[in-house]
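**Q** One structure coming up, written as structure tokens, with questions to follow.
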Amino acid sequence: MADNPKTPAPGAEPKGNPFVRWLTVLLGLFFLGLASVIGRDLWYRYQGDIPHNAWMRSVFAWIGSANVDGTGAAVGILMVLVGLWFIVSACKPRPRRHVQVVSPTSSIWVRPVDIARKSTAAVRSELGQTSITSRASRRKLTVNVVDDGSENLAGRLVSALNREVQRLNPTPRVKVNVLPAPPAKEMP
1 MADNPKTPAP GAEPKGNPFV RWLTVLLGLF FLGLASVIGR DLWYRYQGDI
51 PHNAWMRSVF AWIGSANVDG TGAAVGILMV LVGLWFIVSA CKPRPRRHVQ
101 VVSPTSSIWV RPVDIARKST AAVRSELGQT SITSRASRRK LTVNVVDDGS
151 ENLAGRLVSA LNREVQRLNP TPRVKVNVLP APPAKEMP
């Protein structure tokens, strides 16, 4: 019998939190607190010992005697719309912020900031010490570098950066901006 080892499947892409996650958690905690207060009041009401000690008695009396007018209906409709917005926001696809590193044996995902840091290090190792800034997104990598006077600096750096990002899926588009060297300061 021949052994046929299975290669592991790549892991799932890490995704961001839904937009309304923390707002929904805070709203849920508020409603749990409100349910606790109402539960305490119902306990006092049905125990019969001290029914006038209820915290929410005046609130319930006001709600029970309130007339529904246009303002109340508008507030109710607004609350329904906010609830529907919560549901739609929670069901929307979560933001995709990571980029996959293509690997046959493992599942590796990096953030765009990691790509920018890696590209800054690659350019620094190519040029030595110089002023370098990098900015990356899932689709684009932009590197700003101060001109050191060497020939074909932009082409050399684009080639080096393309080697660094070739294993990313999707492979970002590389752009190198060569900035003029600042004028030398005169010594007094």
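According to the UniProt record's numbering, the sequence shown is numbered sequentially starting from 1.
Backbone N, C-alpha and C fix where the C-beta goes; we use that ideal spot for every residue, glycine too.
Find the nearest neighbour of residue 155 within the set 105, 174, 87, 138, judged by alpha-carbon distance.
**A** Nearest C-alpha to residue 155: 174.
**Q** Excluding five sequence neighbours on each side, which residues of the same chain lie with their C-beta closer than 8 Å to the C-beta of residue 116?
**A** Excluding sequence neighbours, residue 116 sits near 134, 135, 136, 141.
**Q** Would you call the segment 10-17 and the segment 98-108 in contact, with 3 or more CB pairs under 8 Å?
**A** Judged by Cβ distances under 8 Å, the segment 10-17 makes contact with the segment 98-108, as three or more pairs qualify.
**Q** Who are the Cβ neighbours of residue 19 in its own chain at under 7 Å, not counting the five residues just before and after it?
**A** Cβ neighbours of residue 19 beyond the five flanking positions: 89.
**Q** Any idea what DSSP makes of residue 15, helix, strand or coil?
**A** Residue 15: strand per DSSP, three-state reduction.
**Q** Quick one: grab the DSSP three-state call for residue 1.
**A** Low per-residue confidence applies at residue 1: pLDDT is 49, beneath 50, and the placement is therefore not dependable enough to give any value.
**Q** Taking Cβ to Cβ, would you say residue 143 is nearer than 7 Å to residue 119?
**A** Yes. Within cutoff.
**Q** Mapping the DSSP letters down to three states, classify residue 55 as helix, strand or coil.
**A** Coil, per DSSP.
**Q** CB residue 168 to CB residue 123, shorter than 7 Å?
**A** In this structure, residue 123 does not lie closer than 7 Å to residue 168 by Cβ.
**Q** Considering only their Cβ atoms, is the gap separating residue 147 from residue 180 smaller than 7 Å?
**A** Contact: yes.
**Q** Would you report the Cα separation of residue 172 and residue 165, rounded to the nearest angstrom?
**A** Answer to the nearest angstrom: the Cα atoms are 7 Å apart.
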